[in-house]
Amino acid sequence: MNCQLLLILCFAVAAYADSGCNNKGGTCQDDSLYCDGHYESGLCNGDSDRRCCVPDNTDAACEAEGGTCQDDSIACSGWYESGLCDGGYDRRCCVPPGVEVYCGEVRLITREQWGARPPNGKWYMSLPVDLSFIHHTVGSHCYDIETCCEVMRATQNYHMDSLGWSDIGYSFLIGEDGNAYEGRGWGVIGAHTSGYNDVSHGISFMGTYTTDPYHLLFAVGLPTYNMLKYTVLVVCLIVTVYGDWACRREQGTCQNDSLQCEGHYESRLCNGDVRRRCCVPNSDGEIEAVYCGNVRLITRQQWRARSPRRESHMSVPVGLTFIHHTAGRTCYSIATCSSRARAVQNYHMNIKGWKDIGYSFLIGQDGNAYEGRGWGVVGAHTYGFNSRSHGIAFMGNFNSRKPNAAALQAAKNLIQCGIDENKIKSNYFLYGHRDVKRTECPGRALYQEIKSWPN
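Just so we're aligned, residue 14 is where the sequence shown starts under our numbering, counting upward by one.
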């Protein structure tokens, strides 16, 4: 009986000792065995060869967007995005409405986020427009998102229930929290300025500004302060792009997706119904070619990077180079890779709160290098090593497959350029991110590839 109790106790201790691995969804086993994922140490009972085989997270791209992978027949509180989840074509990423959305440099609180009612009707106008009208709601002020959302709902209810309009009247509204709130949006005929609704956008400040409207303009950083003092009708300087700006930013054309596209279609970049999508050309167009040694370098200006909030410089040449992957979508053309670089920068600056995109350079599967922080600038890619290394990130998720030959050669050429320009020591050490942190990065397949590289 005592032996049985002792045996049960031994099993219980072993199971408890493996709980760290079990909590990660892993399996404790000898690390000489094949692991369909990656090994992590310190999570299993026993000798040093008994380690935790943790399955790789193939939904990382969706999680990076703040979303959840699920069957798209299930209701999603926000919207679905394709290409971010492992599994079948109907397993897609549900991006919640709480994810921050930006229009240029201004944060945009979408209709879903402030809890808008569906419109009773919607009519479109030709874009771009020449006129924008500034209004105030002559109601309550608001200084935080929660209160401004309440003001938005109250304004919409008044316009629809009391005035009998089909929706909230304004195109956009501005709160004293410094955010823009989506009303009818770009290209939708409003109900804000009689006689001009089909040829203009209407932007309304939430609150009453009969006596002193100007402190609000300073609060949200608008460039129109001096122009609004005596003028009701103003040219729109609040946002410099109209209607289909997101598609035009990708050098695309908005059209019905039943028409032939000399490239590929991308969704959610155009005004109008779901069939009006952005035709993005596959050709890269004519932009000035810049080279770093044997690799073409797409500069920050060319991929339209935001300005960094601050820069710190380090001594060069450095002796360390770290390889990463972005764990998101990959890209095969300058237009698409530039879009991915902007998305990474927005994520790093808006969500992570960093001063700029974290990496020194990024690599696309178009075979080009994309300038991040650049040579000699302290990055935010490898904690504990940022002030003495450069970080190079491949755009995409490379757990199950490695980047194509063009991308791999681009990275090698970039490192050689760094050596030639005295930014990297000739006897440098090359590491993957997972060498210094418990992470999947730069992906299992890519990590196996770089282990065969020199240094």
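No residue lacks a Cβ here, since even glycine has one placed at the ideal position from N, Cα and C.
Quiz item: When DSSP labels each residue in this structure, what does Gln-461 get in the three-state scheme?
Solution: To locate residue 461, count along the sequence shown from 1; it is residue 448. In this structure, Gln-461 counts as helix in the three-state DSSP scheme.
Practice problem: Over the uninterrupted alpha helix (DSSP H) stretch that includes Ser-32, give me the two end residues. | Solution: As a first step, residue 32 is located in the sequence shown; it is residue number 19 there, counting from the start. Run containing Ser-32: 32-36, per the alpha helix (DSSP H) assignment.
Self-check item: Proximity below 8 Å, CB of Arg-104 to CB of Asp-84
Solution: As a working note, residue 104 is residue 91 in the sequence shown. As a working note, residue 84 is residue 71 in the sequence shown. Yes, the pair counts as a contact, with Cβ atoms nearer than the cut-off.
Quiz prompt | Neighbour-count burial assignment, Tyr-115, 16 or more Cβ in a 10 Å radius | solution = By one-based count along the sequence shown, residue 115 stands at place 102. Label assigned to Tyr-115: exposed.
Practice problem: Would you kindly check if the distance between the Cβ of Met-173 and the Cβ of Arg-130 is under 8 Å? | Solution: Within the sequence shown, the letter at position 117 stands for residue 130. Within the sequence shown, the letter at position 160 stands for residue 173. Against a cut-off of 8 Å, the Cβ pair of Met-173 and Arg-130 comes out as a contact.
Quiz item: For Glu-163, which residues does DSSP report across the bridge?
Solution: On the sequence shown, residue 163 is found 150 positions in, with the first residue counted as 1. The partner list for Glu-163 (beta bridge, DSSP) is empty, contrary to what the question assumes.
Exercise. Check whether the Cβ atoms of His-149 and Ser-217 lie closer than 8 Å to each other.
Key: For the purposes of this step, residue 149 is identified with residue 136 of the sequence shown, where counting begins at 1. For the purposes of this step, residue 217 is identified with residue 204 of the sequence shown, where counting begins at 1. Yes, the Cβ-Cβ distance between His-149 and Ser-217 is below 8 Å.
Self-check item: Which of helix, strand or coil DSSP assigns to Cys-267
Solution: Within the sequence shown, the letter at position 254 stands for residue 267. Strand at Cys-267.
Quiz item: If you follow the beta strand (DSSP E) that Gly-215 is part of, which residue opens it and which one closes it?
Solution: Along the sequence shown, one-based indexing puts residue 215 at 202. First-last of the beta strand (DSSP E) with Gly-215: 213-218.
Practice problem: Name the two residues that bound the continuous alpha helix (DSSP H) containing Gly-431. | Solution: Residue mapping note: residue 431 aligns to position 418 of the sequence shown, counting from 1. First-last of the alpha helix (DSSP H) with Gly-431: 418-433.
Self-check item: At least 3 beta-carbon pairs within less than 8 Å: the region 133-144 vs the region 170-187
Solution: yes
Quiz prompt | Beta-carbon spacing of Glu-462, Lys-415 below 8 Å | solution = As a position in the sequence shown, residue 462 is number 449, starting the count at 1. As a position in the sequence shown, residue 415 is number 402, starting the count at 1. For Glu-462 and Lys-415, yes; Cβs fall inside 8 Å.
Quiz prompt | Anticipated Cβ contact below 8 Å, Leu-421 with Ile-405, distance rounded | solution = Your numbering for residue 421 matches position 408 in the sequence shown. Your numbering for residue 405 matches position 392 in the sequence shown. Contact flag wrong, Cβ pair sits at about 11 Å.
Quiz item: Would Cys-305 pass as a contact of Met-408 if the rule is Cβ separation under 8 Å?
Solution: Here residue 305 refers to the residue found at position 292 when the sequence shown is read from its first residue. Here residue 408 refers to the residue found at position 395 when the sequence shown is read from its first residue. No. Outside cutoff.
Quiz item: Over what stretch of residues does the alpha helix (DSSP H) that includes Ala-356 continue unbroken?
Solution: Indexing the sequence shown from 1 puts residue 356 at position 343. That run of the alpha helix (DSSP H) goes 347-359.
Quiz item: How big is the Cα-Cα spacing for His-338 and Asn-410?
Solution: For the purposes of this step, residue 338 is identified with residue 325 of the sequence shown, where counting begins at 1. For the purposes of this step, residue 410 is identified with residue 397 of the sequence shown, where counting begins at 1. The straight-line gap from Cα to Cα measures roughly 6 Å.
Quiz item: If you draw a straight line from the C-alpha of Glu-279 to the C-alpha of Gly-38, how long is it?
Solution: For the purposes of this step, residue 279 is identified with residue 266 of the sequence shown, where counting begins at 1. For the purposes of this step, residue 38 is identified with residue 25 of the sequence shown, where counting begins at 1. About 35 Å.
Practice problem: For the beta strand (DSSP E) holding Arg-120, just list the boundary residues, first then last. | Solution: If you number the sequence shown from 1, residue 120 lands on position 107. Residues 119-122.
Quiz prompt | Gly-276 - containing beta strand (DSSP E), residue span | solution = Residue mapping note: residue 276 aligns to position 263 of the sequence shown, counting from 1. Run containing Gly-276: 276-279, per the beta strand (DSSP E) assignment.
Practice problem: Out of Gly-377, Glu-324, Gly-366 and Asn-359, point me to the one whose CA is closest to Thr-349's CA. | Solution: Taking the first residue of the sequence shown as position 1, residue 349 is located at position 336. For the residues Gly-377, Glu-324, Gly-366 and Asn-359, the minimum Cα distance to Thr-349 belongs to Gly-377.
Exercise. Could you check what DSSP says for His-172 in three-state terms: helix, strand or coil?
Key: The count along the sequence shown starts at 1 and reaches residue 172 at position 159. Correct three-state label for His-172: helix.
Quiz prompt | Same chain only: Cβ atoms within 6 Å of Ala-419, ignoring 5 sequence neighbours per side | solution = Here residue 419 refers to the residue found at position 406 of the sequence shown. If we look at Ala-419 and ignore the five residues flanking it on each side, its Cβ neighbours are Gly-380.
Quiz item: Where DSSP assigns a beta bridge to Thr-339, which residues make up the other side?
Solution: On the sequence shown, position 326 is the one that residue 339 refers to. Note: Thr-339 sits in no beta bridge, so no partner.
Practice problem: Would you mind working out which of Tyr-222, Trp-367, Arg-120 and Trp-466 sits nearest Asp-190, comparing C-alpha positions? | Solution: Counting from one through the sequence shown, the residue named residue 190 turns up at place 177. Checked all of Tyr-222, Trp-367, Arg-120 and Trp-466; the closest Cα to Asp-190 is Arg-120.
Self-check item: Phe-146 - containing beta strand (DSSP E), residue span
Solution: On the sequence shown, position 133 is the one that residue 146 refers to. Unbroken beta strand (DSSP E) run through Phe-146: 144-149.
Self-check item: According to DSSP, residues forming a beta bridge with Leu-333
Solution: Within the sequence shown, the letter at position 320 stands for residue 333. Answer is Ser-402 and Phe-442.
Quiz item: Which residue or residues does DSSP assign as beta-bridge partners of Tyr-52?
Solution: Position 39 of the sequence shown, counted from the start, is the residue given in the question as residue 52. Tyr-52 pairs with Cys-66.
Quiz prompt | Trp-199 Cβ short of 7 Å to the ligand SAM heavy atom set | solution = Judged by which ligands are present, the structure shown has none, so any question about the ligand SAM falls away.
Quiz item: How is Ile-364 classed by DSSP in three states: helix, strand or coil?
Solution: For the purposes of this step, residue 364 is taken as residue 351 along the sequence shown, with counting starting at 1. Here Ile-364 sits in helix by DSSP.
Quiz item: So the beta strand (DSSP E) Ala-193 belongs to, where does it begin and stop?
Solution: In the sequence shown, the residue the question calls residue 193 occupies position 180. Element bounds for Ala-193: 193-195.
Quiz item: How close, in whole Å, do the beta carbons of His-277 and Val-303 come, if the pair is a contact with beta carbons under 8 Å?
Solution: For the purposes of this step, residue 277 is taken as the residue at position 264 of the sequence shown. For the purposes of this step, residue 303 is taken as the residue at position 290 of the sequence shown. At roughly 26 Å, the Cβ-Cβ gap does not stay under 8 Å, so His-277 and Val-303 are not in contact.
Exercise. On a CA-only basis, which of Asn-36, Gly-456, Glu-434 and Gly-59 is nearest Asp-43? Give me that one, please.
Key: Walking along the sequence shown from the start, residue 43 turns up at place 30. With distances taken between Cα atoms, Asp-43 lies closest to Gly-59.
Self-check item: Straight-line gap, Arg-386 to Asp-211 (C-alpha atoms, nearest Å)
Solution: Within the sequence shown, the letter at position 373 stands for residue 386. Within the sequence shown, the letter at position 198 stands for residue 211. Distance between the alpha carbons of Arg-386 and Asp-211: 44 Å.
Exercise. Specify the secondary structure class of Ile-437 as computed by DSSP and reduced to three states.
Key: Residue 437 sits at position 424 when you count from the first residue of the sequence shown. Strand at Ile-437.
Practice problem: State buried or exposed for Val-151, treating a residue as buried only when at least 16 other CB atoms are found within 10 Å of its CB. | Solution: Walking along the sequence shown from the start, residue 151 turns up at place 138. Exposed: under 16 other Cβ atoms inside 10 Å.
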